[in-house]
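Asker: The following block contains the structure, expressed as structure tokens.
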Amino acid sequence: MARKSSIFCLLGLMLCCCKSQSDSIKAKMITSPQAFGSSVEFKCETSKADNGMYWMSQRRNSTMQFILYISTRGSIRPDPIVGYSARKDGNNYHLTVKSFQKDNQGIYYCVNLQNQNLIFSPGLPVYLPETTTQPPTIPHQISTTTKRQTKDKPMECPNLRDSDEDSKTMFSCEIYIWVPLVGSCFILSISLVITIVCCGRRRRRRCKCKRLMNGAKGAHPLPH
């Protein structure tokens, strides 16, 4: 109930008269978030009459949100939202985000009431860059090496058991082997036949009987 009354009181003050005087309130970020889960600390300093300090934040594409109020004595009203802590050190008002998360991203303001006017400090934007994971890429050098190995691979006849296309390719390989071999055998056979025929014609038949000369001495007449 006390928290709701403080919010209604703050909204009523804002409706009265709002005025921006950045010179009277100095705001800065003491520690910035390095990653989600780290702490963030803000500090606001006022040079005018000290009437306490309000802390507010505005998320992206959202309305302004009340966080807490620190009185001049350092008391916090209402109870801080879970994940926030605050303290007062002289004229300095500190706000700490214990574990910065994605929902804590936004613009932070400290607000002070001076002469019935609400004085807003300059906004302190707090956002972490969004990281995107890219799929791993294969180095270009590996693909080049693969191409070279493919080019240097010797040509081989495929296996007959692979597929029908491989069988056709194997059949063409057999043609290239057997046609020259058969042709060579055929030419060799023709050459052998021609050689035998030619040698047979050149042979001469020789008579083993001796010829008898007519009128020769000592020759006996042939019997009738």
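Going by full-length UniProt numbering, the sequence shown opens with residue 1, and the numbers climb by one from there.
Yeah, the Cβ is synthetic: ideal placement off N, Cα and C, and Gly gets one too.
1. So within the segment 43-88, which uninterrupted beta strand (DSSP E) runs reach at least 3 residues, ignoring any that extend past its ends?
2. Taking only the alpha-carbon atoms, compute the straight-line gap between ILE187 and TYR176 and give it to the nearest angstrom.
3. Would you list the one or two residues that DSSP bridges to PRO125?
4. Taking the straight line between their C-alpha atoms, what separation do you get for PHE66 and TYR127?
5. What is the DSSP secondary structure of PHE186, reduced to helix, strand or coil?
6. Apart from the five residues just before and just after GLN105, which ones in its own chain have a Cβ nearer than 8 angstroms to its Cβ?
7. Whole-angstrom Cβ separation of MET56 and VAL97, contact assumed at under 8 angstroms?
8. Let me know the secondary structure DSSP gives LYS28 once reduced to three states.
9. Nearest to MET64 by CA position, among ILE190, CYS198, VAL179 and GLY123, is which residue?
10. Which residue wins for smallest C-alpha separation from SER99, given the options PRO33, LEU68, CYS198 and TYR109?
11. For ASN115, tell me which candidate among LYS28, SER189 and ASP50 has the shortest Cα-Cα distance.
12. Just reading off the beta strand (DSSP E) that ASN92 is part of, what are its end residues?
13. Where DSSP assigns a beta bridge to ILE177, which residues make up the other side?
14. Return yes when the Cβ of TYR93 is within less than 7 angstroms of the Cβ of ILE107, no when it is not.
Answerer: According to the structure shown:
1. 53-58 and 64-70
2. As a first step, residue 187 is located in the sequence shown; it is residue number 187 there, counting from the start. As a first step, residue 176 is located in the sequence shown; it is residue number 176 there, counting from the start. Approximately 17 angstroms between the Cα atoms of the pair.
3. Locating residue 125 in the sequence shown gives position 125, where the first residue counts as 1. Paired residues: ILE107.
4. Against the sequence shown, residue 66 aligns to sequence position 66. Against the sequence shown, residue 127 aligns to sequence position 127. Straight-line Cα distance between these residues: approximately 19 angstroms.
5. Counted from its first residue, the sequence shown places residue 186 at position 186. It is helical.
6. The residue given as residue 105 occupies position 105 in the sequence shown. The residues are ARG59, ARG60, VAL126, TYR127 and LEU128.
7. Translated into the one-based positions of the sequence shown, residue 56 becomes position 56. Translated into the one-based positions of the sequence shown, residue 97 becomes position 97. Contact flag wrong, Cβ pair sits at about 14 angstroms.
8. Position 28 of the sequence shown holds residue 28. The answer is strand: DSSP assigns LYS28 an E or B state.
9. Start at 1 with the first residue of the sequence shown, and residue 64 comes out as number 64. Of the candidates ILE190, CYS198, VAL179 and GLY123, the one whose C-alpha sits nearest the C-alpha of MET64 is GLY123.
10. The residue labelled residue 99 in the question sits at position 99 within the sequence shown. Closest by alpha carbon: PRO33.
11. As a working note, residue 115 is residue 115 in the sequence shown. Selected option, being the one with the closest Cα: ASP50.
12. Translated into the one-based positions of the sequence shown, residue 92 becomes position 92. Segment 92-97, the beta strand (DSSP E) holding ASN92.
13. Indexing the sequence shown from 1 puts residue 177 at position 177. None; ILE177 has no bridge partner.
14. Sequence index remark: in the sequence shown, residue 107 carries index 107 (1-based). Sequence index remark: in the sequence shown, residue 93 carries index 93 (1-based). No.
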